[in-house]
Structures are given as C-alpha cells and as structure tokens.
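Asks:
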Amino acid sequence: MLPQQDVSMAYDGIYRNDISTPRGNNNTRSNNANDGELDEVQTSKTRLFLKKIGKFLFSHVGLVGLVVVYAAAGGFLFELLEAHQEKLNCQEAEGELRVQLTKLKQKIVTYIQYNTTTTPAAPPSPSTSPTLTYVIERDNQSVAYDKIATMLYGYRDFVLDIGSNYRYYGGSCSSPKWTYANALLFAITIITTIGYGNITPVTWEGQICCICYATIGIPIFLLCIANISGVLGEMFRFIYGRICCGPCHRIKEHRELARKAKLAEERGVSNNQTDGNGWAAQDDNSLKKRTNTLANQANVDEDEEIEEPRVTVPLTVTMLIIAAYIWFGSMMFHSFEQWTSTQAGYFCFITLATIGFGDFVPGQGADDPAFKLIIGAIYVLFGMAILAMCFDLMQEEIVAKFRWIGRK
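Counting from 1, position 279 in the sequence shown corresponds to residue 279 in the UniProt record's numbering; the numbering is continuous, with no gaps.
1) Please confirm if the segment 191-204 is in contact with the segment 385-398, defined as three or more CB-CB distances below 8 Å between the two stretches.
2) May I have the straight-line CA-CA distance separating Ile216 from Val68, to the nearest angstrom?
3) Which residues in the same chain have their Cβ closer than 7 Å to the Cβ of Glu96, if we skip the five residues on either side of it in sequence?
4) Between Leu352, Ser172 and Asn140, which has its C-alpha nearest Leu381's C-alpha?
5) Assuming Leu373 and Gly365 are in contact, meaning their beta carbons sit under 8 Å apart, how far apart are those beta carbons, in whole angstroms?
6) So what's Ala214 in DSSP terms, helix, strand or just coil?
7) In its own chain, which residues sit with a C-beta less than 6 Å from the C-beta of Arg237, not counting the 5 before and 5 after it?
8) Which same chain residues end up closer than 7 Å to Tyr325 when comparing Cβ atoms and leaving out the 5 residues on each side of it in sequence?
9) May I ask you to report which of helix, strand or coil DSSP gives Gly206?
10) Helix or strand or just coil, what does DSSP make of Phe333?
11) Going along the chain, which residues of its own chain have a beta-carbon closer than 7 Å to the beta-carbon of Phe402, five neighbours each way excluded?
12) Rounded to whole angstroms, what is the Cα-Cα separation between Pro146 and Leu160?
13) For the alpha helix (DSSP H) holding Phe371, just list the boundary residues, first then last.
14) Can you check whether the CB of Gly358 is closer than 9 Å to the CB of Asn198?
15) Evaluate Tyr169 with the Cβ neighbour count: other Cβ atoms within 10 Å of its Cβ, from every protein chain shown; 16 or more gives buried, anything less gives exposed.
16) Cα separation between Ala83 and Ser330?
17) Please report how far the alpha carbon of Leu257 lies from the alpha carbon of Glu266, in whole angstroms.
18) Residues in the same chain with beta-carbon distance under 7 Å from Ile19, minus the five sequence neighbours each way, listed in chain order, please.
19) Here's a check: name, in chain order, each residue in its chain whose Cβ is nearer than 6 Å to the Cβ of Ile228, leaving out the five neighbours to either side.
20) Pick out whichever of Met389, Gly376 and Val399 has its Cα sitting closest to the Cα of Thr189.
21) Nearest chain D C-beta to Ile378 closer than 9 Å, yes or no?
22) Name the two residues that bound the continuous alpha helix (DSSP H) containing Asn89.
23) So is Leu50 buried or exposed if we call it buried at 16+ other beta carbons inside 10 Å?
24) Under DSSP, the alpha helix (DSSP H) around Asn182 begins and ends at which residues?
25) Exposed or buried, what is Thr342 when buried is set at 16 or more other beta-carbons lying within 10 Å of its beta-carbon?
26) What's the C-alpha gap between Cys210 and Ile378?
Here it is in structure tokens:
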C-alpha cells in the first residue's frame, strides 16, 4: 500500500506542477504585455512631444527665436574660443616689436654718431699752416638718407610680418577685438553669408567650429528668411490693397457690380421674351434648360465673389521700400559712426546685398559702445527680411506682367 500511495502522490505532484506552470507563464505574459503597452504609450507621448517641438520650431515665431538663440550662442562660442588666443598673440607681438624697435634706434644712433664724428687733427707739416685741422669725410647726405631709409623699410617689413603672423596691427592688448558684441556680429555675418572679414578665427578649434556653425546656421537662416518674407509680403499686400490703394479697389468693385447688374438685366430680358400671342413659350424642356442655366450662372457669380484677385505690388513701390530702408540706415550710421552719407549708404547696400567687402564695419572704434554693434546686427537681420520680401513682390509683379503680355 505504501508504494502505491507514494506513486499516487508523485503523480499528483507532477499534475499540480503541470497545472501551476502555465498559470505562471500566463502571469509573465500579461506582465510583459502591460510593459509593452506602457512602452508604446511612452513612445507615442515622446513622438507627440517631438512633433509639437518640430511644429513650433518651424513656425514663424519658432524660426525667429531659433535664429536669435543660434546667433547669441555663436557669439558666446567664438568669444570663448578666440579671446584668450588673441590676448596671447597681442602680448607676443608687442614684445617682438619692442625688441625690433630698440634695435632700430640703436642702429640709427650708431650710424649718425659714426657719420658725424670728426677725427683728431693731424700734426702740422712744414708745408702746411700750423692752425689747419683735418676731418675724414664719411657718407654724404644722399647716401645717409638711403641707408636710414633702408633701416626704416626693414622695420616696416617686420611690422607687416608681425601683423600677418599674429593678426596684430598696433592696437592695445587691453581693448581686444573679440568682445561679445564683435563675436555676435561675426556670427551673424556667417549665417547671413555677408562675411566682413574684419575679424576671423585664428585657432584650429575656432576654424572648425566656424565651418560647422555655418553648415547648420545658413540653412536655418534661409528658411527663416523665406518664411518671414512670405508673412511680410502678405501683410504688405493687405496694407497696399486696402489702405494705400483703397480708392482704386472701390472703383474696381463699383465697375464689377455695374457689370453684374448689366448681365442680370440682359438675362431678365432674354427670359421674358414672349411668343406672338403674348404668352411665354414655356414647355418642360425650356424650363429645365433655363433653370440649369440660371443655377450655373448663380454658381459662377458666387465663385467670382469668393475668389478675389490677388493684389500685386508695382515695381516702383518695392524699389521705393528698398531705397527708404537704405536711406534710413545711412542716416543712422552717419550719426553713429561719423561716416559721410555716401559712405553710410554704400555700407548699407553692400551689407544688405550680402556682398560684405569689410572696408566699413560699425563699432570698430576703441571707445565705441557695444550697442552700436547690436543695433547694426538688428538692422542687418531685419533688412534682409525686408529685402527678401521686396524680391518676392517684384517676382510676382514681373510674372503677372509677362502673363498679361502673353494674353495680349
């Protein structure tokens, strides 16, 4: 009996283990399924959050804010990379210039002393007067000028070499060029492809960062300019069509209403035509045709009322906008930088056209405050948006003129 009980208990245990194992597997599977659902929910939330961020960044406000933050970060980055190296280069260049200047002074003084010192008087001879003295001639005046000029030319060449090697041109080391305002203007000239060239990175870190910064920043800025120019163009079309050209728009509306009234009157006359007995010939087919015709004409009228013609701005107006903005900038920089009006206008045009020669750059004086550079940067950014808007309006006007010529 005992063996049979042991065998039955063993079978019972095996059976219970077989039953309990699938339950454990089911619990594990349900837990895994719940974890998978939670992961999917978190992934969907993350994707939704990233989509919202993407929509905001590619909106009008988001693109402008992105360009502003990118330019400000670039200013901090380039100041951090280049300011310390500029100070070291300035100190080394000043030390070498002092040494070379001291050597030049010694050479000139030694030569002058050598060329003007007289020799002791020779003893008198029987054939000469006892009061006569002898002086050995050195270099004459023209030879002396040539030798001194050679010394000065050598120093000039040394100064030019120092300037090209250390980017040092005689300024004080206490007033560096790589301030934050200059670095911010440098970052803006990179992303706008202006590139004045008044300051450039000298370290390999700064040069590599400049390449990466331009690679990312230029497409962002172009996208922002395209977006902002479209918005400004729509705003200007509305202002020009409703305010500046309001009387013209009302005259066109009156003409359109008169034309529609005349067409409606002609339709009424044609529909009220009668036969010889004075009764209108109205059979079923004619009624259906007239009903369909009137319905189609009503739909056409509604479409004409809904679809308003797109306002195009004349070329003269856009050219006047560009000229007015350049004139405003020339007056501003003429007041800030003490440039002539011609020089200030030349700078504004060269800058907004992204030519950027770099012969005139604002805020480069030793005592110039930083707000001049910031105002110049704002003028450049907003001006390029205005210029892009004007180019879009000019393109639309030219296309409309060519279409009008093609219809004629």
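We treat Cβ as the ideally placed atom computed from N, Cα and C, and that holds for glycine.
Replies: In short:
1) no
2) 14 Å
3) Ile162
4) Comparing Cα positions, the closest option is Leu352.
5) With 8 Å as the limit, Leu373 and Gly365 do not qualify as a contact, their Cβ atoms being about 11 Å apart.
6) helix
7) Val311
8) Contacts found: Gly383 and Ile386.
9) helix
10) helix
11) none
12) Just to set this straight, residue 146 is Asp in the shown sequence, not Pro. The straight-line gap from Cα to Cα measures roughly 21 Å.
13) Ala370 to Arg407
14) Gly358 sits close to Asn198, with the two beta carbons spaced by under 9 Å.
15) exposed
16) 31 Å
17) 14 Å
18) Its pLDDT being 46, under 50, Ile19 is placed unreliably by the model, and nothing is read from it.
19) Ala385
20) Gly376
21) Looking at the structure shown, chain D is missing, and only one protein chain is on hand.
22) His60 to Thr116
23) Flag for Leu50 reads exposed.
24) Tyr180 to Ile191
25) exposed
26) Their Cα atoms are separated by approximately 21 Å.
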